[in-house]
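Numbering (this note's numbering), first residue to last: 7 to 287.
First comes the structure, then the notes that go with it.
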Ligand code: ADP
């Protein structure tokens with residue numbers, strides 16, 4: 007039988023406000039939720055530098071966000087706060103449901119280790135340690151045996167295409183390979199968030215595509231990524247761009263069709279006949 011009341015408004019006694027509220031409840035919890043965050047540096051006890059002037063931003067699971075902006079716009083300051091490496095002057099920072107802006111340094115360090123993986127421009131690997139040791143190091147607090155740590159580290163190195171290089175030291179690896187080790191190290195504790203600070207800044211354009219391909223593939227598998235870059239080309243690989251200027255967000259919008267590093271990588275290699283020793287995941 008037909009429902010005659012079908013077109014009547016308010017059929018389910020559900021107001022628009024209630025529908026909106028329910029939609030809100032159904033959204034997953036943000037990985038990052040920042041409210042009115044400020045950071046003011048005090049120089050020599052007198053001069054104050056307002057590096058961040060009230061930043062509010064939510065980042066949801068599975069997002070790939072590029073933080074952009076010219077030098078001095080506050081990107082590094084914001085990255086340091088997101089990475090729990092520094093505390094804000096005022097405002098709130100919630101990381102995976104934890105209010106981290108008011109935590110002590112000890113608690114911050116432990117949250118950082120559990121929830122965040124870092125990738126830096128300069129790779130920051132231990133020069134005398136093998137790829138395997140570099141990757142397994144952040145697991146020493148996880149209560150696993152050395153054998154278990156090594157097995158897990160070699161699996162993650164496999165994931166970034168370096169399964170055949172686990173016993174190489176950084177000096178025996180190319181820049182791109184070193185950054186792959188750094189990405190594997192960032193993933194080893196299963197972070198809620200990957201923070202990448204100019205990850206291709208020390209790499210040539212070809213290798214940059216390779217690294218962005220790895221980040222895009224990891225994001226496809228659900229990893230939430232926040233990438234800081236001053237390079238508009240690199241920001242084109244992200245799904246959302248947030249632009250900073252003078253310590254404020256001046257633009258926040260989705261990228262309508264992000265560049266595909268995998269496609270570019272394939273095209274480059276077919277054009278130049280490059281032999282790829284490792285597979286991009
Ligand atoms: P970006 O990473 O976009 O280049 P920063 O976050 O490094 O920007 O800098 C934002 C502002 O804060 C700049 O004016 C910079 O000079 C200032 N600043 C950054 N770090 C410090 C610091 N440790 N002490 C004082 N001022 C700082």
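Beta carbons: idealized from backbone N, C-alpha and C, even for Gly.
Remember, predicted model here, so these are calculated numbers, not experimental data.
Boundaries (first-last residue) of the beta strand (DSSP E) holding residue i
{"i": "residue 247", "result": "246–251"}
{"i": "residue 117", "result": "Run containing residue 117: none in the beta strand (DSSP E); it sits in the alpha helix (DSSP H), 111–121."}
{"i": "residue 203", "result": "199–203"}
{"i": "residue 96", "result": "96–101"}
Simplified DSSP assignment, three categories, for residue i
{"i": "residue 41", "result": "strand"}
{"i": "residue 158", "result": "helix"}
{"i": "residue 74", "result": "strand"}
{"i": "residue 181", "result": "helix"}
{"i": "residue 27", "result": "helix"}
{"i": "residue 231", "result": "strand"}
{"i": "residue 209", "result": "coil"}
{"i": "residue 49", "result": "strand"}
{"i": "residue 255", "result": "strand"}
{"i": "residue 275", "result": "helix"}
{"i": "residue 86", "result": "helix"}
{"i": "residue 146", "result": "helix"}
{"i": "residue 195", "result": "coil"}
{"i": "residue 132", "result": "coil"}
Residue i: first and last residue of the uninterrupted alpha helix (DSSP H) it sits in
{"i": "residue 171", "result": "Segment: none, residue 171 is in no alpha helix (DSSP H) and carries neither H nor E."}
{"i": "residue 53", "result": "Per DSSP, residue 53 belongs to no alpha helix (DSSP H); it is in the beta strand (DSSP E), 53–65."}
{"i": "residue 142", "result": "137–142"}
{"i": "residue 238", "result": "238–241"}
Contact belief for residue i with residue j at Cβ below 8 Å, rounded distance in angstroms
{"i": "residue 71", "j": "residue 191", "result": "Residue 71 to residue 191, Cβ: 21 Å. No contact."}
{"i": "residue 45", "j": "residue 250", "result": "Not a contact, Cβ separation roughly 12 Å."}
{"i": "residue 41", "j": "residue 103", "result": "Actually they do not touch by this definition, with Cβ atoms about 14 Å apart."}
{"i": "residue 65", "j": "residue 37", "result": "5 Å"}
{"i": "residue 187", "j": "residue 229", "result": "Actually they do not touch by this definition, with Cβ atoms about 17 Å apart."}
Strand pairing of residue i, partner residues [DSSP]
{"i": "residue 260", "result": "246"}
{"i": "residue 225", "result": "Answer is none; residue 225 lacks a bridge partner."}
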